[in-house]
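Visitor:
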Amino acid sequence: MTSKKVIAVFGATGSQGGSVARAILEDKDFSVRALTRDVTRPAALALRDLGAEVVKCDLNDQEAVKGALKGAYGAFLLTTYWDDFSKEKEVQQGKIVADASKELGLKHVVYSGLENVKKLTKGKLEVPHYDGKGEVEEYFWNLGVPMTSVRVPAYYENFLKGLKPVKASDGDYYNLVVPMKDIPMDGISVADVGPAVVSIFRSPEEFLGKAVGLSAEALTVQQYADILSKVLGKVIKDAKITPEAYEKLGFPGAQELANMMRFFHMKPDRDVKLTHRLHPKVKSFSQFVSENKEAFKDL
Numbered sequence: 001m002t003s004k005k006v007i008a009v010f011g012a013t014g015s016q017g018g019s020v021a022r023a024i025l026e027d028k029d030f031s032v033r034a035l036t037r038d039v040t041r042p043a044a045l046a047l048r049d050l051g052a053e054v055v056k057c058d059l060n061d062q063e064a065v066k067g068a069l070k071g072a073y074g075a076f077l078l079t080t081y082w083d084d085f086s087k088e089k090e091v092q093q094g095k096i097v098a099d100a101s102k103e104l105g106l107k108h109v110v111y112s113g114l115e116n117v118k119k120l121t122k123g124k125l126e127v128p129h130y131d132g133k134g135e136v137e138e139y140f141w142n143l144g145v146p147m148t149s150v151r152v153p154a155y156y157e158n159f160l161k162g163l164k165p166v167k168a169s170d171g172d173y174y175n176l177v178v179p180m181k182d183i184p185m186d187g188i189s190v191a192d193v194g195p196a197v198v199s200i201f202r203s204p205e206e207f208l209g210k211a212v213g214l215s216a217e218a219l220t221v222q223q224y225a226d227i228l229s230k231v232l233g234k235v236i237k238d239a240k241i242t243p244e245a246y247e248k249l250g251f252p253g254a255q256e257l258a259n260m261m262r263f264f265h266m267k268p269d270r271d272v273k274l275t276h277r278l279h280p281k282v283k284s285f286s287q288f289v290s291e292n293k294e295a296f297k298d299l
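So the sequence shown is residues 1 to 299, counted in UniProt numbering.
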């Protein structure tokens, strides 16, 4: 049997959990117990092929969570809001893992947390997918679980999906519809979250009990647009949309995302320098776009 310390990774078949699981698999001191609701899905089988122990686990099932954490040194936890648009359900998931971690004596939990915006702004802004994670952070720390919260910024990958440049109706150019005024927005590729998390697991004495804000770099919307224009050979501009106009776009979660951007205007604590120390090979936005040119080919 290996003497490596076992880290249980919740949501190991998702993008962030998968990034963490793969990064841990490359580390000589840790092994991965990949937790997923469906052990037969391709992402789970791929992790098994890479050497992970794959275990069926549903975050909503207290006994399954306890069983999945038994004998583990630590855990990486990402709770889910967007499945049900339910803050209550997300907080419940976090509490189940916190209680089990306390009971089983885990040595280090890294939680993918975020600020409780509602509490910070005294109710002026509500961002449920942030607020719930903020409540979970507090619960872990109040319970006395050795935990580090990693606060991840906007994914570069969002520019391939929800933030993808939109064709302008009045000319041969594209708009980035992101209500950030001229305030820089922190970003990172989800693939780079895993190596940063592994560095945190390797330095518990530095990071236990702390919240760590990750960011590869902080750029204005115009700077994001300039990089996209340069790499893709298209004209891409900042649409200069306001949060008020953005929340009227009417898609599910529009108001929540507008409030999230309003929170970004307050410049939450994300540490570019620390992120580069945790993961020296972290990608710039320019590198990311160059590597993903294919994904923009339908522009």
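Every residue, glycine too, gets a C-beta built ideally from N, C-alpha and C.
1) Does residue 1 come out as helix, strand or coil in the three-state DSSP assignment?
2) Verify whether the separation of the beta carbon atoms of residue 201 and residue 276 is less than 9 Å.
3) Assuming residue 346 contacts residue 69 (C-beta within less than 8 Å), just tell me the rounded distance between them.
4) Could you tell me the alpha carbon to alpha carbon distance between residue 112 and residue 269, rounded to whole angstroms?
5) Within a Cβ cutoff of 7 Å, which residues of the same chain sit near residue 283, ignoring the five residues on either side of it in sequence?
6) Express the C-alpha separation of residue 31 and residue 77 in angstroms, rounding to a whole number.
7) Under the three-state reduction of DSSP, which class applies to residue 224: helix, strand or coil?
8) When DSSP labels each residue in this structure, what does residue 31 get in the three-state scheme?
9) Leaving aside the five residues before and after residue 81 along the sequence, list all residues of the same chain whose C-beta is less than 7 Å from its C-beta, in chain order.
10) Hey, quick one: how far does the beta strand (DSSP E) through residue 148 stretch, first residue to last?
11) Secondary structure at residue 99, three-state DSSP: helix, strand or coil?
12) Tell me which same chain residues have a C-beta within less than 6 Å of the C-beta of residue 221, skipping the five on either side of it?
13) Short of 7 Å in beta carbon distance, which residues of its chain neighbour residue 1, apart from the five on each side in sequence? Order them along the chain.
14) Report, in whole angstroms, the separation of the C-beta atoms of residue 46 and residue 57, which I expect to be a contact under 8 Å.
15) Cα separation between residue 101 and residue 75?
16) As a quick exercise: from 235, 244, 258, 18, pick the residue whose alpha carbon is nearest that of residue 170.
17) Which of helix, strand or coil does DSSP assign to residue 271?
18) Per DSSP, residue 211 is paired with what?
19) Taking the alpha helix (DSSP H) that residue 136 falls in, what are its first and last residues?
20) With a cut-off of 8 Å on the beta carbons, I'd call residue 59 and residue 79 a contact; round off their distance for me.
21) Between the alpha carbons of residue 72 and residue 7, how many angstroms are there, rounded?
22) Between the C-alpha atoms of residue 52 and residue 245, what's the straight-line distance to the nearest angstrom?
23) Please report the distance separating the alpha-carbon of residue 149 from that of residue 172.
24) Does DSSP put residue 156 in a helix, a strand or coil?
Guide: Taking the coordinates as given:
1) Here residue 1 corresponds to residue number 1 of the sequence shown, with the count starting at 1. In this prediction, residue 1 has a pLDDT of 49, which is less than 50 and means its spatial position is unreliable; what the coordinates show is noted afterwards. DSSP places residue 1 in coil when its eight states are reduced to three.
2) Here residue 201 refers to the residue found at position 201 when the sequence shown is read from its first residue. Here residue 276 refers to the residue found at position 276 when the sequence shown is read from its first residue. For residue 201 and residue 276, no; Cβs fall outside 9 Å.
3) The structure shown does not extend to residue 346, since the chain spans only 1 to 299, so no value can be given for it.
4) Numbered from 1 along the sequence shown, position 112 holds the residue referred to as residue 112. Numbered from 1 along the sequence shown, position 269 holds the residue referred to as residue 269. Answer to the nearest angstrom: the Cα atoms are 15 Å apart.
5) Mapped onto the sequence shown, residue 283 falls at position 283. Within its own chain, the residues whose Cβ lies closer than 7 Å to the Cβ of residue 283, once the five positions on either side in sequence are excluded, are 189, 192, 216, listed in chain order.
6) Counting from one through the sequence shown, the residue named residue 77 turns up at place 77. Counting from one through the sequence shown, the residue named residue 31 turns up at place 31. Roughly 16 Å separates the two Cα atoms.
7) The residue labelled residue 224 in the question sits at position 224 within the sequence shown. Correct three-state label for residue 224: helix.
8) As a first step, residue 31 must be located in the sequence shown, where it is residue number 31. Three-state DSSP puts residue 31 in a strand.
9) As a working note, residue 81 is residue 81 in the sequence shown. Taking C-beta separations shorter than 7 Å and ignoring five residues to either side along the sequence, the partners of residue 81 in its chain run 87, 90, 128, 129, 132, following chain order.
10) Residue 148 sits at position 148 when you count from the first residue of the sequence shown. Counting along the chain, the beta strand (DSSP E) containing residue 148 begins and ends at 147-151.
11) Your numbering for residue 99 matches position 99 in the sequence shown. Three-state result, residue 99: helix.
12) For the purposes of this step, residue 221 is identified with residue 221 of the sequence shown, where counting begins at 1. For residue 221, where only same-chain residues beyond five positions count, the Cβ hits under 6 Å are 176, 178, 180, 238.
13) Numbered from its first residue, the sequence shown carries residue 1 at position 1. For residue 1, the predicted structure reports a pLDDT of 49, less than 50, and the residue's modelled location is therefore unreliable. The matter cannot be settled from this model.
14) For this step, residue 46 is matched to residue 46 along the sequence shown. For this step, residue 57 is matched to residue 57 along the sequence shown. That belief does not hold up - the Cβ atoms of residue 46 and residue 57 are roughly 18 Å apart, past 8 Å.
15) Locating residue 101 in the sequence shown gives position 101, counting from the first residue. Locating residue 75 in the sequence shown gives position 75, counting from the first residue. Between the C-alpha atoms of residue 101 and residue 75 there is a straight-line separation of about 8 Å.
16) In the sequence shown, residue 170 corresponds to position 170, counting from 1. The residue with the shortest Cα to Cα distance from residue 170 is 235.
17) Mapped onto the sequence shown, residue 271 falls at position 271. Reduced to three states, the DSSP call for residue 271 is strand.
18) Position 211 of the sequence shown holds residue 211. DSSP, once it has assigned bridges, lists 149 as partnering residue 211.
19) Residue numbering aside, residue 136 sits at position 136 when the sequence shown is read from its first letter. For residue 136, the enclosing alpha helix (DSSP H) starts and ends at 128-143.
20) Residue mapping note: residue 59 aligns to position 59 of the sequence shown, counting from 1. Residue mapping note: residue 79 aligns to position 79 of the sequence shown, counting from 1. That pair is a contact at about 7 Å.
21) For the purposes of this step, residue 72 is identified with residue 72 of the sequence shown, where counting begins at 1. For the purposes of this step, residue 7 is identified with residue 7 of the sequence shown, where counting begins at 1. Looking at the two C-alpha atoms, the distance is approximately 6 Å.
22) Within the sequence shown, residue 52 is the residue found at index 52, counting from 1. Within the sequence shown, residue 245 is the residue found at index 245, counting from 1. Rounded to whole angstroms, residue 52 to residue 245 spans 46 Å at the Cα level.
23) Position 149 of the sequence shown, counted from the start, is the residue given in the question as residue 149. Position 172 of the sequence shown, counted from the start, is the residue given in the question as residue 172. Their Cα atoms are separated by approximately 44 Å.
24) In the sequence shown, counting from the first residue as 1, residue 156 sits at position 156. The answer is helix: DSSP assigns residue 156 an H, G or I state.
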